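Peer 1:
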Amino acid sequence: MNQATKPASRWISRLLVLFSLWCLLGFLVVPGVVLHVGKQQLAQWVKVPSSLERVGFNPFTLELEVHNLWLGEPEQPITGFRQLKANVAWRSLWSGVLILERVQLKGLRHNAVFNPEGQFNLLAALNLPERDESPKEDSQPFPLRIEHIQLEADSIAFNDQRQTPAVAFDLSPLSLSLHNLSTLPDEQGELTLSAHSPHGAELNWQGQLSLLPLRSQGHLSIANIPLPVWWPYAQDSVALNLSQGSLSVASDYQLDLREAFELQLSQLQGQLKNLAVAVKPQPEANAQLAQLSMTGASLNLQKRRLHLGTIESQGLKLAAQRFKDGRIDWQALAGSNTDEKPAEPKKPANNDASPAWQISLKKLSVSDYNALLIDQVPDNPVKHTVGPLSLSVADYRSDKATPLPVTLTTELGKKGTLEVSGQLQPAPLKATLSAKATRLDLRQLQQYIAPFVRVEIRSGWLDTSLAINASDSPKLAINVQGQASIDQLHTLDTLKGRDLLRWQKVEVNGIDFAHEQHAKISEIVLHKPFARFIVNEDRSTNLSQLVIAQEATGPKPENPNPLAIELGSIRLVDGSANFADFSLEPEFDAGIEQLSGHIKGISSTSKAPAVIDIKGKIDRYAPALFAGTLTPFDPLNKLDMQVSFNKVELTTLTPYSGKFAGYSIRKGRMSLNLNYKIEDGRLKAENKILLEKLQLGEQVDSPDAVKLPVRLGLALMTDADGNIDLDIPITGNLNDPQFRVAPLVFKAIGNLIAKAAASPFKLLGGLLPGDNTNLGEVAFSAGSFELNNSAQKSLSQLAEALKQKPVLRLEIEGVAARDPDSLPEAQKRLERELKRGYYRILQRRGEDVPDSRLAVTVPDDFRPALLATIYRERIGQPPADWQNRSDSEQAQQAEQALVAFWQNSEVLLRKLGQARSTAIKNFLVDSQGLAPERLFLLDARIVEAGDKQSVTSPLHLEVQ
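Going by UniProt numbering, the sequence shown opens with residue 1, and the numbers climb by one from there.
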């Protein structure tokens, strides 16, 4: 070997030695040292079993490999990996920056667990040094650049046992790729992250990341997040149990922490699917949402701007309950302790650098929303269904008070619909809306009115079309205009099962309502309305029985500004009503039909009276009229009303006539014409009553019947045409609480009947012109039954009056008085006996005699013998002392004795009374032409004394 090659070979040998040493150091020493030191560190700082299987190092590529590093048992490690590769770039030696060309982590497994006491398993597994609380000087971060990081995780598991149930989540596999991660200023790396979970969740992140300063931008998406897994974190704050649902979120973002926390999100979109929640403690879901999506949203945290983009939602099924105490189950979301006062909201800090949040919405659209509302407050729970509901709201901005276009459509109940459209400005409130509702079922109100009235709503449909304007600046103002109608209303009295109120249709036109100002309606039209009013057996009314008494709630506060009410007109079309009185025997039942007309000009602010003009028919044929004017809100101020009923069949009033008059009605018609005027509380009333062809029927045993000769009184008031015409004026002060109109009318009618029955002949005398002669008696001279001129005149007037009262009959009572009738009647009897005796003498002699014994004249010379004979026939043998007297004296004594004998004769007086009644009847029949069947002779009556030299025979009137 020459000298020239020796140095070269030495250098080669040295290099080979160095290379061998480098290889020895790199391939054997360094891995061994790292493995040894690593195990020492694990033993020092890790409390749980740990392992490090192998370490490798390539001294030429500066690549370090670590295999199977595990904290905890390898089968269930707390954390660890299967392989880690990292190689340092050689240029790190002169660049002043540690450059890792590639970092590759494979088989990562991490199980993060919080036990029920809140301990984190990783921290519990480490012996961490005590924290140094001394202040540290600011230092620059270690210069590091990782050109490529590739992480592949077998499983990233999380289990938080602090919650009940525990929160458990697993990502497997997970892949992370990062390029050019650096701690050097203004350098950013490229990041790609993707992960999946067994629940179907996906995480994808692509973007740029800069550590100094910390900033990032890119795109992040999380899909199919299983919300029930994470719900335990929210369950103590929200009174809901979430059993189903997934959330997906995706957005472009920009994050910058150089000066402040700046975050911007753009193209933000999210989707919520198959959500199911239940209000605690109910086990079944109260709400199920098929889908809610948001697209085109954005967020600028620094400028405090949130744009919600377009939100669309479909398929909500909501169930809500109102409990007996009035609580709604969804109120639980507002907190369980309702006795605590809500915390006062914090006032925002007066910081010009932090403006108010600006929130905007391009469009909100929901469809196929359905709700079931169960109200348990009524005795029988009520179910209300709403939906399918669709809602659309657009162009909302919190920084600009601009109206939003709003559209809502939904079904209510089985057949009802509601449509709302217009513009709505939330703050300050300003709304211009149109609302249309059809076929709203009024039966849904049944259980709400049940505690107050015993009425059943059998049917009824509400339709309405309204224009609504509202604002709250400077104070709340609401104006509603439109029309409404209720079709096929039918209500029942639940106590008796009878129709109470019904109609075919009610139209309410020209509605104009202004909050705290006025309520106006241009017209209400009632088509075929029907109402029933009943007096029950105990004299209560059906209306009073239907109202359920409520506990007193104290006086209502006075309203200093009452609502002004105006109603243009109420129009009736073919209405009807029924009135029945079951307190009578027999029961009374009458109807009024074909009611048509109007009431116009009802106003609480105007002094002008309302005008009433309503016509109808009672029991189909008798016309009825209600016409006039009144002030409905102050009826005692001014009223001028006319009420008339024409030719009402009186037979329908038999129950009332039987109860109060004691007679049924066989036939008759009644016409009423009532005119009532009120001026400042003063009443002036005219009650004109016409009864046509009234005939009373059988007498009715009624304890309430008036004790009056009703038949006679009515007959006396009946004219020649068979009519009773009454005019009963009434005046009085209606402000007097003792003043009652109806009792006065009935009292006046009763007085008329009593007066007529008490002085019937005076009433008859009033029918004729001339003096007021008493037609109720006939005066006779003592012992006479001949009618003098005065008696004939009186009877002529009576006959004329009776001809005008064909329903009356005359009863004639002959009267004879012992004084003065007995003496002349005895004398006449003695004369008749004398003529009878002389008549027999003439017959025995065979002389001519007249036809009547009373036609003969007894000669004076025959009187003594005839008196003696009559004395012996009637009294007996004359006294013995008469033999000593002269014939003339004996004749005088006999005449006196016979007159005294016949003065005590009841027979003679009775015959005189009968002769007098017969004379009266004969005169009325023969001279005045009265029908004999209208005249009745009563049994003669004998009285003790008459009037001076005359005796009066009374006359009596009765009804045929």
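Each residue gets a CB set at the ideal place from its N, CA and C atoms; glycine is no exception.
Computed from a prediction, not measured in an experiment: that's the story for all the values here.
(1) Helix, strand or coil for residue 791, going by three-state DSSP, please let me know.
(2) Who are the Cβ neighbours of residue 319 in its own chain at under 6 Å, not counting the five residues just before and after it?
(3) Pull up the distance between the alpha-carbon of residue 429 and that of residue 513, whole angstroms please.
(4) Could you check which residue in 860, 928, 805 and 781 has the C-alpha nearest to that of residue 916?
(5) Distance, Cα to Cα, residue 348 vs residue 358?
(6) With 16 other CB atoms within 10 Å as the buried threshold, where does residue 493 fall?
(7) Out of 687, 247 and 697, which one is the CA nearest neighbour of residue 668?
(8) Nearest by alpha-carbon distance to residue 703: which of 801, 249, 305 and 663 is it?
(9) How do the segment 453 to 460 and the segment 434 to 444 stand: do at least 3 beta-carbon pairs fall below 8 Å, yes or no?
(10) So, helix, strand or coil for residue 918, using DSSP?
(11) With a threshold of 6 Å on Cβ separation, who are the neighbours of residue 45 within its own chain once the five nearest residues in sequence on each side are excluded?
(12) Which residues does DSSP pair with residue 175 in a beta bridge?
(13) Where do the ends of the beta strand (DSSP E) carrying residue 869 lie?
(14) Would you mind reading off the limits of the alpha helix (DSSP H) that contains residue 833?
(15) Could you check where the beta strand (DSSP E) with residue 673 kicks off and where it finishes?
(16) Under the assumption that residue 257 contacts residue 297 (Cβ atoms under 8 Å), give the Cβ distance between them as a whole number of angstroms.
(17) To the nearest angstrom, how far is it from the Cα of residue 522 to the Cα of residue 633?
(18) Which residues in the same chain have their Cβ closer than 6 Å to the Cβ of residue 960, if we skip the five residues on either side of it in sequence?
(19) Tell me where the beta strand (DSSP E) around residue 82 begins and ends.
(20) So with Cβ pairs under 7 Å, would you call residue 427 a contact of chain B?
(21) Hey, which unbroken runs of the alpha helix (DSSP H) at 4 residues or more fall wholly within the segment 428 to 485?
(22) Using only CA atoms, which one of 925, 928, 953 and 926 lies nearest to residue 938?
(23) Are residue 245 and residue 274 closer than 7 Å when you measure CB to CB?
(24) By the DSSP assignment, the beta strand (DSSP E) with residue 617 in it spans what residues?
(25) Looking at residue 175: is its Cβ nearer than 7 Å to the Cβ of residue 202?
(26) Can you tell me whether residue 306 is helix, strand or coil according to DSSP?
(27) Please report the residue range of the beta strand (DSSP E) in which residue 684 lies.
(28) Could you tell me the distance, in whole angstroms, from the CA atom of residue 826 to the CA atom of residue 886?
(29) Just to confirm, are residue 666 and residue 699 a CB contact at a threshold of 7 Å?
(30) Taking 7 Å as the threshold (C-beta atoms), are residue 87 and residue 63 in contact?
(31) With DSSP run on the structure shown, which of helix, strand or coil describes residue 181?
(32) Is it buried or exposed, residue 182, if we count other Cβ atoms within 10 angstroms and call 16 or more buried?
(33) Restricting to Cα atoms, I'd like to know which of 622, 325, 653 and 635 is closest to residue 644.
(34) Quick one, are the C-beta atoms of residue 867 and residue 895 less than 7 Å apart?
(35) In whole angstroms, give me the CA-to-CA distance for residue 14 and residue 145.
(36) Residues in its own chain within less than 6 Å of residue 651 by CB, not counting five upstream and five downstream?
Peer 2: Judging by the given coordinates:
(1) For the purposes of this step, residue 791 is taken as residue 791 along the sequence shown, with counting starting at 1. Helix.
(2) Position 319 of the sequence shown, counted from the start, is the residue given in the question as residue 319. Counting only Cβ-Cβ distances below 6 Å, and skipping sequence neighbours, we find 286 and 372.
(3) Reading the sequence shown from its first residue, position 429 is the one you call residue 429. Reading the sequence shown from its first residue, position 513 is the one you call residue 513. The straight-line gap from Cα to Cα measures roughly 18 Å.
(4) The residue labelled residue 916 in the question sits at position 916 within the sequence shown. That would be 781, whose Cα lies nearest to the Cα of residue 916.
(5) Your numbering for residue 348 matches position 348 in the sequence shown. Your numbering for residue 358 matches position 358 in the sequence shown. With a pLDDT of 49 at residue 348, under the threshold of 50, the predicted position of this residue should be treated as unreliable, though the coordinate-derived value follows. Cα to Cα, the separation comes out at about 15 Å.
(6) Indexing the sequence shown from 1 puts residue 493 at position 493. Result: buried.
(7) For the purposes of this step, residue 668 is taken as residue 668 along the sequence shown, with counting starting at 1. It is 697 whose Cα lies nearest to the Cα of residue 668.
(8) Looking up residue 703 in the sequence shown gives position 703. Measuring from the Cα of residue 703, the nearest candidate turns out to be 663.
(9) yes
(10) Along the sequence shown, one-based indexing puts residue 918 at 918. Residue state, collapsed to three classes: helix.
(11) Locating residue 45 in the sequence shown gives position 45, where the first residue counts as 1. Setting aside the 5 residues that flank it on each side, residue 45 is surrounded in the same chain by 126 and 127, each with a C-beta closer than 6 Å to its C-beta; the list follows chain order.
(12) Along the sequence shown, read from residue 1 onward, the residue named residue 175 stands at position 175. In DSSP, residue 175 forms a bridge with 152 and 194.
(13) On the sequence shown, residue 869 is found 869 positions in, with the first residue counted as 1. Residue 869 -> not in any beta strand (DSSP E); alpha helix (DSSP H) instead, spanning 863 to 874.
(14) What you label residue 833 is simply residue 833 of the sequence shown in a count that begins at 1. Segment 818 to 845, the alpha helix (DSSP H) holding residue 833.
(15) Taking the first residue of the sequence shown as 1, we reach residue 673 at position 673. First-last of the beta strand (DSSP E) with residue 673: 663 to 679.
(16) For the purposes of this step, residue 257 is taken as the residue at position 257 of the sequence shown. For the purposes of this step, residue 297 is taken as the residue at position 297 of the sequence shown. Actually they do not touch by this definition, with Cβ atoms about 23 Å apart.
(17) On the sequence shown, residue 522 is found 522 positions in, with the first residue counted as 1. On the sequence shown, residue 633 is found 633 positions in, with the first residue counted as 1. Computed Cα separation, rounded: 18 Å.
(18) Taking the first residue of the sequence shown as position 1, residue 960 is located at position 960. Correct list, in chain order: 807 and 809.
(19) Stepping through the sequence shown from its first residue, residue 82 is reached at position 82. Unbroken beta strand (DSSP E) run through residue 82: 76 to 88.
(20) The question asks about chain B, but that chain is absent: this structure has only one protein chain.
(21) For the segment 428 to 485, whole alpha helix (DSSP H) runs of length 4 or above, ordered along the chain, are 446 to 449.
(22) By 1-based counting over the sequence shown, the position of residue 938 is 938. Comparing Cα positions, the closest option is 953.
(23) Translated into positions along the sequence shown, residue 245 becomes position 245. Translated into positions along the sequence shown, residue 274 becomes position 274. Cβ distance < 7 Å, so residue 245 and residue 274 count as in contact.
(24) By 1-based counting over the sequence shown, the position of residue 617 is 617. Segment 610 to 618, the beta strand (DSSP E) holding residue 617.
(25) To locate residue 175, count along the sequence shown from 1; it is residue 175. To locate residue 202, count along the sequence shown from 1; it is residue 202. Not in contact: residue 175 and residue 202 (Cβ atoms no closer than 7 Å).
(26) Walking along the sequence shown from the start, residue 306 turns up at place 306. In the structure shown, residue 306 sits in a strand (DSSP, three-state: E or B).
(27) For the purposes of this step, residue 684 is taken as residue 684 along the sequence shown, with counting starting at 1. Here the beta strand (DSSP E) through residue 684 covers 682 to 699.
(28) Looking up residue 826 in the sequence shown gives position 826. Looking up residue 886 in the sequence shown gives position 886. In a straight line, the C-alpha of residue 826 is about 25 Å away from that of residue 886.
(29) Sequence index remark: in the sequence shown, residue 666 carries index 666 (1-based). Sequence index remark: in the sequence shown, residue 699 carries index 699 (1-based). No, they are not a contact pair.
(30) Against the sequence shown, residue 63 aligns to sequence position 63. Against the sequence shown, residue 87 aligns to sequence position 87. The answer is yes: Cβ separation under 7 Å.
(31) For the purposes of this step, residue 181 is identified with residue 181 of the sequence shown, where counting begins at 1. Strand at residue 181.
(32) Within the sequence shown, numbered from 1, the residue matching residue 182 stands at position 182. Result: buried.
(33) Locating residue 644 in the sequence shown gives position 644, counting from the first residue. Measuring from the Cα of residue 644, the nearest candidate turns out to be 622.
(34) To locate residue 867, count along the sequence shown from 1; it is residue 867. To locate residue 895, count along the sequence shown from 1; it is residue 895. Closer than 7 Å, so yes.
(35) As a first step, residue 14 must be located in the sequence shown, where it is residue number 14. As a first step, residue 145 must be located in the sequence shown, where it is residue number 145. Rounded to whole angstroms, residue 14 and residue 145 show a C-alpha spacing of 35 Å.
(36) Within the sequence shown, residue 651 is the residue found at index 651, counting from 1. Taken in chain order, the residues that qualify are 665.
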